[in-house]
Amino acid sequence: MSPLKRIAYFVSLPILLIIVWWALSFGSTNFFVPKPIELAQTLWSTWIGDRFFDDVLPSLGRLTVGLFFAIALGIVLGLLIGSTRWLRNLLEPLLEFFRAIPPPVLVPLLMLLIGINDGMKVAVIISGAIWPVLLNTVEGVRAVDSVLNDSCRSYGIAGFARIRYFVLPAVSPQIMAGVRQSLSIGLILMVISEMFASSSGLGFTIVQFQRNFAIPEMWSGIVVLGLIGLGLALIFQFVERRVLHWYHGLKEITHDS
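Going left to right, the sequence shown walks through residues 1 to 257 as full-length UniProt numbering numbers them.
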């Protein structure tokens, strides 16, 4: 697909939705639904300035740190648990128990244990974003081809070399699938943690706008969150294409044949 065609596919639906939104809101006096032009002006005046540095950047910093540790811990622990059968059998009930707990309910507990600070907000993000990566990594290691595994053992490939050159490439599609899920979960938990206990950040500011009936400003904060989610998706696609270039190439060859 040509670059121009990709761009056309990318922007066509958003443009269509904006046109429909403008048509439906034309002549409307509804206080709770701003018009597209009004929202665009509010977005610029509200978030381009001091609030970008006071609220947006701190939120992005906490999100980045939380996702980094969630992904790193998920991969390391997933490789360890997935490669050790007795450890997997021992921890599986415990992992399923903690995975079933909704991360937002941990916010009051983490507030008591860690305190109301950035560390608590990062811990909230980690507590929810780690599970897709961890569980996908464990399942990926379990599903490694037994014939290839035996071949590695026969050739004496063990330890870090086995992890680096055999296990990680084999489970990388499952890991990337878990990372994709963890990005959206991390963004949701970033907002929730700031709504509960914070004096800055996107979640806190959006709630303040809502409480003060600053409706266009509240909508503009929601748009900012959507743009951050879009940015995360684009970054993920860029990284995934390079990490899994061999995998996508193999799929194309298989599909063509």
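For every residue, glycine included, the Cβ atom is placed at its ideal position computed from N, Cα and C. The structure displayed is predicted, hence computed values, not measured ones.
Please look up how many angstroms separate the CB atoms of residue 201 and residue 192, rounded, as I've assumed it's under 8 Å.
Residue 201 to residue 192, Cβ: 11 Å. No contact.
For a test of the three-state rule: what should DSSP assign to residue 144, helix, strand or coil?
Here residue 144 sits in coil by DSSP.
Is there contact here, the region 123-141 with the region 68-75, by at least three beta-carbon pairs under 8 Å?
Verdict: yes, contact present.
Can you tell me the Cα-Cα spacing of residue 231 and residue 155, whole angstroms?
Distance between the alpha carbons of residue 231 and residue 155: 44 Å.
Given that a residue counts as buried once 16 or more other Cβ atoms are within 10 Å of its Cβ, and exposed if not, what is residue 55?
That one is buried.
Helix, strand or coil: how does DSSP classify residue 5 here?
Residue 5 falls in the helix class under three-state DSSP.
Which residue comes first and which comes last in the alpha helix (DSSP H) that contains residue 61?
Per DSSP, residue 61 belongs to the alpha helix (DSSP H) from 57-83.
Just the C-alpha distance for residue 178 and residue 133, rounded to the nearest angstrom, thanks.
The alpha-carbon atoms of residue 178 and residue 133 are separated by roughly 4 Å.
Give the straight-line distance between the Cα atoms of residue 283 and residue 152, rounded to the nearest whole angstrom.
Because residue 283 is not part of the residues shown, which for the chain are 1 to 257, the question remains open.
Could you tell me the alpha carbon to alpha carbon distance between residue 161 and residue 176, rounded to whole angstroms?
Approximately 21 Å between the Cα atoms of the pair.
CB-CB under 7 Å to residue 188, same chain, minus the five flanking residues each way: which ones, in chain order?
No residues qualify anywhere along the chain.
Could you tell me the distance, in whole angstroms, from the CA atom of residue 272 to the CA atom of residue 94?
What the structure shows of the chain is the stretch from 1 to 257, and residue 272 is not part of that stretch, so it cannot be assessed.
How about residue 205 and residue 186: are their beta carbons less than 8 Å apart?
No.
Decide if residue 159 is buried, meaning its Cβ has at least 16 other Cβ atoms within 10 Å, or exposed.
Exposed, because fewer than 16 other Cβ atoms sit within 10 Å of the Cβ of residue 159.
Can the beta-carbon of residue 147 be found closer than 8 Å to that of residue 170?
No, they are not a contact pair.
Specify the secondary structure class of residue 214 as computed by DSSP and reduced to three states.
DSSP places residue 214 in coil when its eight states are reduced to three.
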